[in-house]
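Numbering-wise (our numbering), the sequence shown opens with residue 581 and increments by one.
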Amino acid sequence: MRKVGGYDDKHNTQTLNLTTKLGSGKFCKVYKSKDLVSKLVTPDTEVAIKVYKTDTGNVDYYLNEIKMLALLDDHRSTSYHIIDNTKSKTKGKKRGQQSPQTTNHNNHIVSWLSTWVYIELASIDNVQIPLIYPCIAYKLYDQTLKDLLEKQIKDEEYGFHINMVKDIMRDVLTGLSYIHSKKVIHLDLKPDNILCKIVDGKQSYYICDFGSAQLEGDDNRESGTLYYLSPESVLETKLTTSTDIWSLMVMFFRLVFGVYLFDVDKEDGLYYSAVSIGDSKVSETANDESLIEASDHQTSIDELSSSVSSTNASSTETASESDEDLYRLIHYHEKILGEYTQDMTSGSPWYDAASRVPHTSDINIGLEAFIDINFDSLQEDYKKRLVSFMMAGLCYQPSQRLLATKLLTMINKL
Ligand SMILES: Nc1ncnc2c1ncn2[C@@H]1O[C@H](COP(=O)(O)OP(=O)(O)OP(=O)(O)O)[C@@H](O)[C@H]1O
Ligand SMILES: [Mg+2]
């Protein structure tokens, strides 16, 4: 029996011709298909269609995503199309205006083509019920940076060559500078949300997935991915465009070294197990293999924060695993970068300094020493350049992090 409002691949496949799945997330699935409405591409051009799951709550992510896309595209019209397939099995009916030519093509931001809502009838227990699918059509890209990185780690057990990392950072920072100039915070920067395409013989990189983005000054959206969360995201204090800079630097570390900087998921990860308090064993080498696994288990802050709010956050004894994840992340931050300051934590709605995971004595090893322990073969000079670049974004105080435009000028000196 088909569920009302459910997500039915088979049904979708037959009617929308969504044959090849490109990826999926918590709120949507992305397929290779044809754009049913946009005049920006020819009718037989293959595009990527992001189909939102119609469960309650997901519509908010869809609406947020098209709002952000329109904003980033100089307030391009978001008048959407309704393709009502309930009236005819073969002929869709269009409404709304055609969107004007997109302007985003060279900004290292994903190009979106159109947005539409697809409605069709499903027969459930012999009752005809309309199913509604909010969709966004995007230009089709070749793969994600996550795909590229996983291949690299599998083959080489290490991150990319620095020249490639510089190319990636140049594109991502160009995209980010533009996004930030519009006061938009992406809030989920990570390799999964960077699309790759060969343009003029050169691999180019594009930021995608604006489902979690928000405008600076708006109420916080609960978003992000555990490893990449900035202190202010964990603490649920004010988010700014600098929040993205933190995540960007965590990503940079991963691109260079092939492993997570704050390896929350693993007991004997790069550093040590933050759960077994007081047991400060330091692993000698990076365990690359299990990182590939870890990337498949990235935990969304949505799951984390829902349990934060539903449990007693002031007691670590009763804390759920999700609370522990957040505490462990804080602990990892502190072990490498130093203790959170009181002015950071005092504005936090759930952080309680007295009851959080207690500190161990070896707190604040420093990023340089941390790299020394784990990657001792690096040239001194090169290591110093890497560290000073990363520290420009890994400051606890968001206002001290360099802006994307400034970081862009530093990339060539790496
Ligand atoms: N334009 C595109 N071309 C090729 N593949 C794409 C494109 N857009 C998305 N994908 C693939 O689909 C995956 C999911 O897309 P996206 O990141 O936009 O949504 P999501 O992470 O599922 O969203 P949510 O945050 O709502 O869970 C991407 O990681 C990528 O693999
Ligand atoms: Mg995504």
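Positions of the beta carbon are idealized from the N, C-alpha and C atoms, including for glycine.
Problem set entry | Span of the beta strand (DSSP E), counted from its first residue to its last, around Q980 | By one-based count along the sequence shown, residue 980 stands at place 400. Per DSSP, Q980 lies in no beta strand (DSSP E) and is assigned neither H nor E.
Problem set entry | Any non-hydrogen atom of ligand 1 within 6 Å of L602 CB | In the sequence shown, residue 602 corresponds to position 22, counting from 1. Checking the Cβ of L602 against ligand 1 gives yes.
Problem set entry | Near ligand 2: D824 beta-carbon under 6 Å from a heavy atom | Working through the sequence shown from its first residue, we reach residue 824 at position 244. Within 6 Å of the C-beta of D824 there is not a single heavy atom belonging to ligand 2.
For this session: Would you be able to state if there are at least three C-beta pairs under 8 Å between the region 713–720 and the region 730–743?
Result: These segments do not touch.
For this session: State the start and end residues of the unbroken alpha helix (DSSP H) segment that holds Q732.
Result: Position 152 of the sequence shown, counting from 1, holds the residue named residue 732. Segment 725–736, the alpha helix (DSSP H) holding Q732.
Problem set entry | Assumed close pair L982, A972 - CB separation to whole angstroms, cut-off 8 Å | Working through the sequence shown from its first residue, we reach residue 982 at position 402. Working through the sequence shown from its first residue, we reach residue 972 at position 392. Indeed, because the Cβ distance is near 4 Å, the residues count as touching under 8 Å.
Exercise. Distance, Cα to Cα, T805 vs C788?
Worked result: Mapped onto the sequence shown, residue 805 falls at position 225. Mapped onto the sequence shown, residue 788 falls at position 208. Their backbone Cα atoms lie some 15 Å apart in a straight line.
For this session: My understanding is that Y713 touches V697, with C-beta atoms under 8 Å, so please give their C-beta distance in whole angstroms.
Result: Working through the sequence shown from its first residue, we reach residue 713 at position 133. Working through the sequence shown from its first residue, we reach residue 697 at position 117. Contact between Y713 and V697 is confirmed by a C-beta separation of about 7 Å, below the 8 Å threshold.
For this session: Give the straight-line distance between the Cα atoms of M924 and S757, rounded to the nearest whole angstrom.
Result: Position 344 of the sequence shown, counted from the start, is the residue given in the question as residue 924. Position 177 of the sequence shown, counted from the start, is the residue given in the question as residue 757. M924 and S757 have their C-alpha atoms spaced approximately 26 Å apart.
For this session: With a threshold of 16 other CB atoms inside 10 Å of the CB of E920, please say whether the residue is buried or exposed.
Result: Position 340 of the sequence shown, counted from the start, is the residue given in the question as residue 920. The sequence given here places Tyr at residue 920; Glu does not occur at that position. The residue is buried, with at least 16 neighbouring Cβ atoms inside 10 Å.
For this session: Taking 8 Å as the threshold, find out whether the region 779–788 comes into contact with the region 637–650 through three or more Cβ pairs.
Result: The count of Cβ pairs closer than 8 Å, one atom from the region 779–788 and one from the region 637–650, stays below three, leaving the stretches out of contact.
For this session: Mind reading off the beta-carbon distance from L620 to L693? Whole number of angstroms is fine, and I expect it under 8 Å.
Result: Position 40 of the sequence shown, counted from the start, is the residue given in the question as residue 620. Position 113 of the sequence shown, counted from the start, is the residue given in the question as residue 693. The C-beta distance from L620 to L693 rounds to 5 Å, short enough to fall under 8 Å.
Problem set entry | Distance between beta carbons of L906 and V814, contact taken as under 8 Å | Position 234 of the sequence shown, counted from the start, is the residue given in the question as residue 814. Position 326 of the sequence shown, counted from the start, is the residue given in the question as residue 906. Your pair V814 and L906 checks out as a contact, with CB atoms roughly 5 Å apart and the cut at 8 Å.
For this session: Report yes if the C-beta distance between F832 and L909 is below 7 Å; otherwise report no.
Result: In the sequence shown, the residue the question calls residue 832 occupies position 252. In the sequence shown, the residue the question calls residue 909 occupies position 329. Result no, Cβ atoms of F832 and L909 do not sit closer than 7 Å.
For this session: For E560, name the three-state secondary structure that DSSP assigns.
Result: This structure gives no information on residue 560, because the portion of the chain shown stretches from 581 to 994.
For this session: Report the rounded CA-to-CA distance for F955 versus F837, giving the unit in angstroms.
Result: Along the sequence shown, one-based indexing puts residue 955 at 375. Along the sequence shown, one-based indexing puts residue 837 at 257. F955 and F837: Cα-Cα distance of roughly 9 Å.
Exercise. Heavy atom of ligand 1 less than 6 Å from the Cβ of N687, yes or no?
Worked result: For the purposes of this step, residue 687 is taken as the residue at position 107 of the sequence shown. Because no heavy atom of ligand 1 lies under 6 Å away, the Cβ of N687 does not count as near it: no.
Problem set entry | Three-state secondary structure (DSSP) of V793 | For the purposes of this step, residue 793 is identified with residue 213 of the sequence shown, where counting begins at 1. It is Ala, not Val, that sits at residue 793 in the sequence shown. Coil, per DSSP.
Exercise. With D751 and H655 assumed to form a contact (beta carbons below 8 Å), what rounded beta-carbon distance in angstroms separates them?
Worked result: As a working mapping, residue 751 is identified with position 171 in the sequence shown. As a working mapping, residue 655 is identified with position 75 in the sequence shown. Contact between D751 and H655 does not hold, since the beta-carbon distance rounds to 24 Å and is not under 8 Å.
Problem set entry | D789 Cβ short of 6 Å to ligand 2 heavy atom set | Locating residue 789 in the sequence shown gives position 209, where the first residue counts as 1. Result yes, Cβ under 6 Å from ligand 2.
For this session: Please report how far the alpha carbon of Y840 lies from the alpha carbon of H913, in whole angstroms.
Result: Within the sequence shown, the letter at position 260 stands for residue 840. Within the sequence shown, the letter at position 333 stands for residue 913. Spanning the alpha carbons of Y840 and H913 requires a straight line of approximately 12 Å.
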